[in-house]
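Going from the sequence shown to my numbering is simple: count from 1 and add 10. Using N, Cα and C, we set each Cβ at its ideal position, and we do this for glycine too. The next block holds one structure in the form of structure tokens; read it before the comments.
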Amino acid sequence: LAARNKHEEALDHFKSVMDAEPDNVEALFYLYRSAMESDNPLKALDPLEKYVLSHPNDKEFLYHFCGVLWKLGELTRAMEVCEQILEIDPEYSAAREAYEHMRNTIAEHV
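Here it is as structure tokens:
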């Protein structure tokens with residue numbers, strides 16, 4: 011569904027899978043991707059937040075969570091998540107670049 015740009019249907023499907031299997035990372039990834047591609051990041055917020063709360067060292071999903079927060083305009087929280095990622099892996103360049111970009115542009119968003 012996501013591959014055919016049927017994002018709303020895909021979101022509903024992956025949400026159902028996540029409700030039944032909260033640790034299904036494949037469903038979570040595609041839910042995140044469908045939400046971002048359909049410009050509806052709010053749909054991914056709760057499932058990602060629940061997942062990263064129970065898996066606080068999963069830097070890939072922390073990074074996706076950061077992206078959702080950023081897209082929703084929650085830059086302070088997004089920066090905090092980047093800091094969390096960098097504590098886990100100081101060499102995680104995407105998180106470092108995102109953090110630096112947000113830090114340099116935060117004044118434009120307040």
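In this structure, G77 is the residue among G77, E97 and D99 with its C-alpha nearest to the C-alpha of H111. Between A37 and L21, the beta carbon gap of about 11 Å keeps them out of contact (Cβ cut-off 8 Å).
Taken through DSSP and simplified to helix, strand or coil, K16 comes out as coil. Under the criterion of beta carbons closer than 8 Å, K81 and P57 do not qualify as touching, at roughly 15 Å. Here the alpha carbons of E118 and D68 stand approximately 30 Å from one another.
Assigned with DSSP and collapsed to three states, L82 falls in coil, not helix or strand.
Counting the other Cβ atoms within 10 Å of the Cβ of A88 gives 16 or more, which makes it buried. For P66, no alpha helix (DSSP H) run applies, since DSSP gives it neither H nor E.
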